[in-house]
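One structure below.
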């Protein structure tokens with residue numbers, strides 16, 4: 050018997066690496082796929098031609114399945130979809146937009162389409178639009194985030210009760226405990242972002258990776274709700290943004306403070322105090338920068354121990370008070 | 050081998066009913082304890098003499114252990130602690146304040162003290178202050194809420210790595226899937242609020258209970274962050290408060306809009322459109338108003354199926370892709 054998410058993508062373990070701006074290029078995506086998960090090239094920070102280069106590079110680095118994540122609100126989304134199909138990509142993770150927009154085109158082209166949803170209601174709409182699977186992403190996730198502010202804990206079981214298609218949990222997962230918990234809630238796979246950002250193969254700057262390692266348990270906040278909500282590590286920029294928000298600054302004032310390329314500056318260029326440091330709440334649980342292969346091994350081993358009953362035989366099973 | 054939370058309180062199942070204003074009086078607390086969990090009388094909405102009456106009433110309704118939940122910020126907190134000790138209460142769940150304030154007095158009096166924490170750092174401070182157990186409560190929880198905005202999913206494993214004392218997960222739990230997930234994340238017990246508010250024995254008005262049943266998956270929002278953050282079901286009051294917040298109204302303006310007794314009006318008197326309807330994000334998963342005994346039976350049976358491996362033998366174990 051095979052896991053539905055593994056079957057959907059033809060992969061060994063139901064672990065998807067989330068698309069992350071300035072982090073998940075060909076190198077990370079290929080490393081995750083080579084380790085038995087599903088790597089995604091994050092198109093959000095790429096102009097169309099750069100996406101093409103990353104797709105070709107990833108193909109040179111792995112013979113296993115990988116996909117692309119395309120944010121629908123991007124002005125390049127249509128162009129990126131077309132060129133990815135041209136380049137033979139068959140797995141699309143679409144986010145931040147309506148599932149009606151690209152699902153018909155992608156299904157027509159024979160692709161596997163997964164949508165990211167921030168509520169059970171939207172998960173159901175994704176299923177109705179004909180997608181093959183759905184990621185439900187909680188409030189604790191890094192980067193852009195839904196307005197409903199539903200957490201992974203309440204999102205997964207309610208989405209499970211709302212859809213029949215393969216369900217992938219995202220937001221707040223960085224170890225095997227999180228994977229096992231997501232399965233207990235009803236998911237059949239997980240999407241992991243921030244934990245993969247702090248790996249050797251991540252394209253992020255060393256300064257960004259080190260910041261994740263040194264972040265405490267309450268480092269991030271969901272910011273800029275009057276623009277598009279985004280979860281950021283608090284720094285001198287977020288302090289200024291908070292001051293502006295506290296006095297009800299306009300969107301234009303917030304955008305001016307942010308400046309152009311704030312995410313690139315922080316994540317890729319390493320100006321972690323001045324830029325937009327996107328990261329999930331789980332950053333506080335990241336203590337090292339392993340290779341992707343080492344991280345995948347650790348995730349699979351921890352999840353497997355809990356899920357197969359090894360950990361259950363110990364504290365989990367006999368001391369749980371229920372059995 | 051016995052579960053640590055069960056041992057700590059002398060109860061059968063590691064399920065604690067959260068203290069809730071205008072909801073958890075003697076009737077609900079005794080019903081939860083009679084069903085094998087730990088009932089808590091919520092002192093937050095009670096003047097000291099009323100708390101004394103509820104303690105005596107609960108003692109008449111059950112011979113099993115029950116406790117009280119006292120919010121430390123209340124002006125009655127000191128008086129409530131003293132009278133509860135006088136009345137022979139030996140289990141205290143203290144919330145919304147420093148663990149240093151009452152822990153020494155309560156330990157001196159031979160009581161079991163549990164503190165509610167909203168971050169792993171605070172959980173550690175609670176342990177250092179000498180408490181016997183800690184509840185970590187996530188952003189998704191109803192009613193008053195921490196400023197860190199950490200969700201149950203990221204809070205539990207990081208708290209588990211920070212403390213050795215019994216760990217109870219709260220926020221977003223309303224069925225056996227949530228219980229099993231909390232255990233997978235490292236908790237040894239759960240505290241459940243909103244799900245118990247929609248039971249026959251809850252003191253809440255019928256209108257409030259029916260509102261929970263009819264709530265959709267995105268009904269609540271964390272509001273009033275400039276006062277004390279509180280999670281409320283959205284209604285005409287929250288709409289007005291949101292308008293005020295959007296134009297940076299002062300604390301005094303927000304308090305004036307709220308009016309006196311806004312939580313009582315909504316929860317106890319049933320004016321669910323005009324009052325402060327405290328509830329957790331998991332309200333969307335509540336579809337009925339069972340007796341407490343029936344609900345406890347359901348929670349235990351669902352959790353037990355997953356945790357004992359019955360559900361694991363099926364989809365959870367063999368189709369998880371890890372084993």
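Protein chains in written order, with this note's numbering: chain P, 50 to 372; chain Z, 50 to 372. Even for Gly, the Cβ is constructed at its ideal location relative to N, Cα and C.
CA-to-CA distance, residue j to residue i, given in whole angstroms
i: residue 43 (chain P); j: residue 176 (chain P); result: Because chain P spans 50 through 372 in this model, residue 43 (chain P) falls outside it and cannot be assessed.
i: residue 333 (chain P); j: residue 205 (chain Z); result: 12 Å
i: residue 357 (chain Z); j: residue 370 (chain P); result: 10 Å
i: residue 342 (chain P); j: residue 189 (chain Z); result: 34 Å
i: residue 114 (chain P); j: residue 51 (chain P); result: 17 Å
i: residue 352 (chain P); j: residue 132 (chain Z); result: 47 Å
i: residue 216 (chain P); j: residue 350 (chain P); result: 22 Å
i: residue 186 (chain P); j: residue 197 (chain P); result: 11 Å
i: residue 171 (chain P); j: residue 98 (chain P); result: 31 Å
i: residue 65 (chain P); j: residue 195 (chain P); result: 20 Å
i: residue 95 (chain P); j: residue 285 (chain P); result: 26 Å
i: residue 251 (chain Z); j: residue 173 (chain P); result: 32 Å
i: residue 123 (chain Z); j: residue 309 (chain P); result: 47 Å
i: residue 184 (chain Z); j: residue 134 (chain Z); result: 21 Å
i: residue 238 (chain P); j: residue 321 (chain Z); result: 39 Å
i: residue 89 (chain P); j: residue 67 (chain P); result: 6 Å
i: residue 270 (chain P); j: residue 167 (chain P); result: 17 Å
i: residue 304 (chain Z); j: residue 326 (chain Z); result: 15 Å
i: residue 165 (chain Z); j: residue 207 (chain P); result: 26 Å
i: residue 179 (chain Z); j: residue 82 (chain P); result: 47 Å
i: residue 331 (chain P); j: residue 229 (chain P); result: 16 Å
Local conformation of residue i per DSSP, three classes
i: residue 246 (chain Z); result: helix
i: residue 364 (chain Z); result: Only weak support is given to the placement of residue 364 (chain Z): the predicted model assigns it a pLDDT of 49, under 50, and the value that follows is read from those uncertain coordinates. Residue 364 (chain Z): helix per DSSP, three-state reduction.
i: residue 103 (chain Z); result: helix
i: residue 172 (chain Z); result: helix
i: residue 313 (chain P); result: helix
i: residue 70 (chain P); result: coil
i: residue 350 (chain Z); result: helix
i: residue 218 (chain P); result: strand
i: residue 272 (chain P); result: strand
i: residue 199 (chain Z); result: coil
Proximity to residue i [Cα-Cα], best of the options
i: residue 277 (chain Z); options: Z:193, Z:238, Z:173; result: Z:193
i: residue 139 (chain P); options: P:147, P:123, P:119; result: P:119
i: residue 233 (chain Z); options: Z:351, Z:114, Z:202; result: Z:202
i: residue 87 (chain Z); options: Z:57, Z:72, Z:347; result: Z:57
i: residue 76 (chain Z); options: Z:111, Z:54, Z:231, Z:55; result: Z:111
i: residue 329 (chain Z); options: Z:311, Z:340, Z:246, Z:274; result: Z:246
i: residue 200 (chain P); options: P:162, P:222, P:180; result: P:222
i: residue 59 (chain P); options: P:340, P:68, P:116; result: P:116
i: residue 109 (chain P); options: P:171, P:136, P:123; result: P:136
i: residue 297 (chain P); options: P:308, P:309, P:275, P:283; result: P:275
i: residue 241 (chain P); options: P:182, P:220, P:169; result: P:220
i: residue 224 (chain P); options: P:81, P:344, P:82, P:155; result: P:344
i: residue 210 (chain P); options: P:227, P:226, P:236, P:228; result: P:236
Nonlocal neighbours in the same chain, by C-beta distance under 8 Å from residue i, ignoring five residues either side
i: residue 289 (chain Z); result: 306
i: residue 302 (chain P); result: 293
Classification of residue i by the beta-carbon crowding that lies within 10 angstroms, buried from 16 upward
i: residue 145 (chain Z); result: buried
i: residue 295 (chain P); result: exposed
i: residue 159 (chain P); result: exposed
i: residue 243 (chain Z); result: buried
i: residue 291 (chain Z); result: exposed
i: residue 157 (chain Z); result: exposed
i: residue 161 (chain Z); result: buried
i: residue 336 (chain P); result: exposed
i: residue 105 (chain P); result: exposed
i: residue 142 (chain Z); result: buried
i: residue 126 (chain Z); result: buried
i: residue 300 (chain P); result: exposed
i: residue 169 (chain Z); result: buried
Own chain partners of residue i with C-beta closer than 7 Å, once the 5 adjacent residues on each side are dropped
i: residue 255 (chain Z); result: 319
i: residue 364 (chain P); result: Model confidence at residue 364 (chain P) stands at a pLDDT of 49, short of 50, so the residue's coordinates are unreliable; what they give is reported in the following sentence. Result list for residue 364 (chain P): empty, nothing under 7 Å.
i: residue 272 (chain P); result: 279, 281, 287, 290
i: residue 338 (chain P); result: 247, 248, 249, 258, 262
i: residue 150 (chain P); result: 121
i: residue 362 (chain Z); result: Because residue 362 (chain Z) sits at a pLDDT of 49, beneath the cut-off of 50, its placement in the model cannot be relied upon, and the following sentence gives the value as read from the coordinates. There are no such residues.
Contacting residues, own chain, Cβ-Cβ under 6 Å from residue i (five flanking each side not counted)
i: residue 93 (chain P); result: 70, 120
i: residue 324 (chain P); result: 311, 314, 315
i: residue 62 (chain Z); result: 85, 86, 349
i: residue 74 (chain Z); result: 103, 252
i: residue 340 (chain Z); result: 249
Beta carbon proximity, residue i to chain B, threshold 8 Å
i: residue 92 (chain P); result: Among the chains of the structure shown, chain B does not appear; the protein chains present are P and Z.
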